[in-house]
Each structure stands twice: as C-alpha cells, then as structure tokens.
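Read the structure below first, then the notes.
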Amino acid sequence: MVTVVLPTYDRVTLVGAAIDSVLAQTYPDVECLVIDDGSTDGTDELLRSYGDGIRVLSQENRGQAAAVNRGFAEGTGEFVSILGSDDALMPNAVSTAISVAMDRPEAVAIHGTVDVTDENGSLVFRYGIGNMQLRECVRWHFSPSTTGLLYRKAVVDIAGGWDPQFPRGLDYEHWLRMGLHGPYAYVNETLGTFVQHPGSVTGRANDEAGKARESVENLEAFLARDDLPSDFDDEFCAEARRTAYICAGLILGGPVNQPQERFRLEDRVAPSMALEEGATLPGQEPQTVEPPAGDIGLQEELREIRDQRDQALADRDRLASEIDALRSSQSWRIAAPLRRLRRVRRPHRSVG
5 MVTVVLPTYD RVTLVGAAID SVLAQTYPDV ECLVIDDGST DGTDELLRSY GDGIRVLSQE
65 NRGQAAAVNR GFAEGTGEFV SILGSDDALM PNAVSTAISV AMDRPEAVAI HGTVDVTDEN
125 GSLVFRYGIG NMQLRECVRW HFSPSTTGLL YRKAVVDIAG GWDPQFPRGL DYEHWLRMGL
185 HGPYAYVNET LGTFVQHPGS VTGRANDEAG KARESVENLE AFLARDDLPS DFDDEFCAEA
245 RRTAYICAGL ILGGPVNQPQ ERFRLEDRVA PSMALEEGAT LPGQEPQTVE PPAGDIGLQE
305 ELREIRDQRD QALADRDRLA SEIDALRSSQ SWRIAAPLRR LRRVRRPHRS VG
C-alpha cells in the first residue's frame, strides 16, 4: 500500500482538486490520508463529503511539519508520499514510482519531474534534478519537489520526519537525511503539478530574509552531523557552504548582473533543472533538460583547470632552472677568455 499524506490548512477552494488527483490514481492500493491542521474555512465539511474515500485526521493548528509527521506516523502504507493541498498528482504517478521502487529495492526514495504552474494553471517551467545523489544535492543545494516523490516508510522511520525548525526548507533538510541511508532513484517522467502562488509556504512574499537565513542554517545543521559519508571532507564542505551562501545572496539580491552591481553571477546548474516555457518553439511541449551525469560536469572541468595550472607552474619552474643553468654556463665561457686577456701586458709606446 501507498499512503499519500495530504496536509491542509484553510485551503477549502484548493484541497478538493488535490484529493481528487489521489483518488484518480491508476495504482489500486492507495490510502489518501488528509491531515486537517486546524482549518476554520469550512474544510471539515468538504472532507466529510468524501465519506470513506479518504481518511481524515484533525488537529489544532501546529504547522506543516507537525501535520506531515503525524501522517508519517499514522500512515499504513509501505511507501509514503506527501502532496501539498494546492498541488496534484498525475494519474499514473504512484504506479510509475512503485514500478521503479520494485526494480530498485536499495533506493530510499523515488522522484521524477513536476510541472510548475501559476495560479491560472499555465506552465511556468518543468522541474527535476535528474540522477543527483546525496553528494551532488549537498554540493549544489538541490532537492526534488515533494510532489510525486515516494519514500520507503521503513527508512522514514529511521531517518525521522520533517524538522519544524526549518519551516521554509523542510523538504530539503529531510531529503538530505534520507540520503544518508541509501541512494535515490530518478524516473524521467512528470509525476505531478506544483502551483506557485503567494500563499504557498515556499512562495510567501516578503520573507526573503527568512528564506535566505534558513538556506544556510539547514545545510549547517546537516554538515554538523557525526554520521556523514567519509568523502565529505573539509574541502567539500567548504564548497557546499559557498554554494549555500551564494543561494542565500540570490534570494536577497533581487535582480542581478546589473551595471551597478558589484558581482556578476551565473548559475550553471539551475538552467538544466528547469526550462522556461518561453524557450520552446511555438506549439512545442516544454522538455526537461537533464543535467550531465556525475558531478554535473563542473567538478571534472574544475579538476582539468587545476591540472593545467599545476602543469603550467611545473613548466615555469623547469624553464627557470634551465635558464639559470644556461646563464651560469655562458658566464664561465665568457669570463675565462677575459681573464686570459687581462694577463697579456700591453706594449709601452715610445715617447718621441
């Protein structure tokens, strides 16, 4: 069984579409578990109208993390997924993810791409992180959308739930913790839609400072763990921190690369994560551009640049030594005849 945890708070006009998308799944064994986090807008009446088609747990308003964690604890499925009350799953999302989970028993989570839309349902871009594993997600500060993401419940029980101290980055911090227990599995299919609007947790306006601060704090909390992989050395952690701080700066900075700005920034990874709709040909479906394999090519390029630098420095030192030796040899060849000439006495001219 798959449990889809659907936390909601005062989304009576939106949550119905999310529930309907769960009930429309082609996979036959899906539990729709709605956690009503203290709604006061008539959500309870809407939920009752679904009868036995869904399971509802109500609680006082305690926040998104508490609602999701209750779903983790009380879900009955072997696999668990989280769906925002303003988002939706594609009809084959669960069956697609389960198929991958059966083929990849070592995977702790299965994820795909999502269509990010505006409030009117228009596609903004398609998002996915491809085959990134834990190391790349830490280094480049990325995680997939939770829409359509499938966790193994047994691993969630070990790794723990969402940490309420990171209200804006709950999914990223949890994604990293899950990655400590095994690999992620990626399927190159669109599993759901994610709606961008000011009321969403990730899209709230006027909270840039909080988002920026948290983007650094959740990484620092992860890097402070004592169970990190052995290859998370000081150099790697420093690189991850630089990326986190730069991402925080982008959150705070607004428009970048303006003439008056001190720095010019080029994100060489994010463009491959999301392709804007306007970049496609008229009438053409937007296509997901997957990042290059491994470290997305950037680490290999950096390694090549460092090798070239080291070789250039070695060549410089070698040439300097050869020049010094040549100078020493030429000086001897010139100095010896001069010494002999000095020993030859010039004849005295007679004075007439």
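Each residue of the sequence shown is one higher than the one before, counting from 5 in our numbering.
Even for Gly, the Cβ is constructed at its ideal location relative to N, Cα and C.
No experiment lies behind these values; they were computed from the predicted model shown.
- By the beta-carbon neighbour count (other beta carbons within 10 angstroms, threshold 16), Pro109 is exposed.
- Nearest C-alpha to Glu193 among Gln315, Ser25 and Asn96: Asn96.
- Runs of the alpha helix (DSSP H) spanning 4 or more residues and lying entirely within the stretch 91-137 occur at 97-107, in chain order.
- Taking all protein chains shown into account, Phe76 has 16 or more neighbouring C-beta atoms within 10 Å of its C-beta and is therefore buried.
- Residue state for Gln63 is assigned as strand, using DSSP reduced to three classes.
- The Cβ atoms of Ser85 and Val9 sit closer than 8 angstroms to each other.
- The C-beta distance from Tyr188 to Ala111 rounds to 6 angstroms, short enough to meet the 8 angstroms contact threshold.
- Residue range Lys157 to Ala163 is occupied by the alpha helix (DSSP H) that includes Asp161.
- At a Cβ-Cβ threshold of 8 angstroms, Thr121 and Thr197 count as neighbours.
- Going by C-alpha positions, Gly116 is about 59 angstroms away from Glu326.
- C-alpha of Leu93 to C-alpha of Val34: approximately 12 angstroms in a straight line.
- By the neighbour-count criterion, in which 16 or more other beta carbons inside 10 Å mark a residue as buried, Thr80 falls on the exposed side.
- Rounded to the nearest whole angstrom, the CA to CA distance from Thr17 to Gly125 is 15 angstroms.
- In this structure, Val199 places its C-beta atom within 8 angstroms of the C-beta atom of Glu123.
- Looking at Gly152, Cys36 and Leu51, the one whose alpha-carbon comes closest to that of Ser43 is Leu51.
- In this chain, the beta strand (DSSP E) harbouring Thr7 covers Val6 to Thr12.
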